[in-house]
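**Student:**
Protein chains: 2
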Amino acid sequence: MPRVIVDVMLKPEILDPQGKAVAGALPRLGFDGISSVRQGKRFELEVDGTVDEAKLAEVRSAAETLLSNPVIEDVVSVRVAEETA
Amino acid sequence: MPRVIVDVMLKPEILDPQGKAVAGALPRLGFDGISSVRQGKRFELEVDGTVDEAKLAEVRSAAETLLSNPVIEDVVSVRVAEETA
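Going down the list, the protein sequences come from chains A and B. Quick note: the first sequence, position 38, residue 38 per full-length UniProt numbering, numbers continuous. Quick note: the second sequence, position 33, residue 33 per full-length UniProt numbering, numbers continuous.
#1: Taking DSSP as the reference, what is the three-state secondary structure of B/K11?
#2: Specify the secondary structure class of B/E46 as computed by DSSP and reduced to three states.
#3: On the criterion of 16 or more Cβ atoms from any shown chain inside 10 Å, does A/S68 qualify as buried, or is it exposed?
#4: Cβ atoms of A/V22 and B/L66: under 8 Å apart, would you say?
#5: Can you tell me whether A/A85 is helix, strand or coil according to DSSP?
#6: Three or more C-beta pairs under 8 Å: does that hold for the stretch 31-44 of chain A against the stretch 32-51 of chain B?
#7: Going by other Cβ atoms of all chains shown within 10 Å of its Cβ, with 16 needed for buried, is B/E58 buried or exposed?
#8: Which first and last residues belong to the alpha helix (DSSP H) in which B/E58 is found?
#9: Closer than 9 Å by beta-carbon distance: list the chain B residues that pair up with A/G24, in chain order.
#10: Taking B/E53 as the reference, give the member of B/G30, B/E73, B/G33 and B/V78 with the closest Cα.
#11: By the 10 Å Cβ neighbour count, where 16 or more other Cβ atoms means buried, how is B/I14 classified, buried or exposed?
#12: Please work out which residues of its chain come closer than 8 Å, Cβ to Cβ, to A/V8, disregarding the five sequence neighbours upstream and downstream, and give them in chain order.
#13: Per DSSP, which one or two residues make a beta bridge with B/K41?
#14: As a quick exercise: from A/S61, A/D48, A/L56 and A/S36, pick the residue whose alpha carbon is nearest that of B/G49.
#15: Taking only beta carbons into account, state which residues of the stretch 31-48 of chain A come closer than 9 Å to chain B, listed in chain order.
#16: Could you name the residues of chain B that A/L67 contacts, counting a contact when the two beta carbons are closer than 8 Å?
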């Protein structure tokens, strides 16, 4: 069954306290050289049938209305997953 | 500054109530043909300097210890972001 991956991230101008907490914890655990972390969401949607342009547009529209909050989040990408996983 | 993307998903055998809720809401909003949704996390890490194999291995190790809970989650991918965003 084809799988579509949707990535949602906070808009760049929105503060990301979760990401900041992770960035602060990294050096304490011995991981240096990472200056900033932002945390977002990743959805895997299993789609019935085949995924064509129209289906992908529908998923994008779902992503923009249901999977993300358009006030504070951007849908970064909507793409078909390679058949590896 | 190079950016590394880390994707973390719940292991397949772990129930995902958040994803289930999304999958249930999609038909109510008029989006049909999506049989299953799983929700995970996506991290964007800004790395100082250049990203070589060693750095990527270090980020993967950080992803497996800090960004994910290895009991219930898998690090699905660790990759360098294309310079588009």
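Just so you know, even glycine gets a beta-carbon here, dropped at the ideal spot from N, CA and C. Quantities reported herein were computed from a predicted structural model and do not represent experimental measurements.
**Tutor:** Let's see:
#1: coil
#2: strand
#3: buried
#4: yes
#5: Low per-residue confidence applies at A/A85: pLDDT is 45, beneath 50, and the placement is therefore not dependable, though the value from the model is reported in the following sentence. The answer is coil: DSSP assigns A/A85 none of H, G, I, E or B.
#6: yes
#7: buried
#8: E53 to A62
#9: None at all; the shortest Cβ gap to chain B is about 11 Å.
#10: B/V78
#11: exposed
#12: G40, K41, R42, F43, A63, L67, S68, E73, D74, V75 and V76
#13: A/K41 and B/V8
#14: A/S36
#15: F31, D32, G33, I34, S35, S36, V37, R38, Q39, G40, K41, R42, F43, E44, L45, E46, V47 and D48
#16: V22
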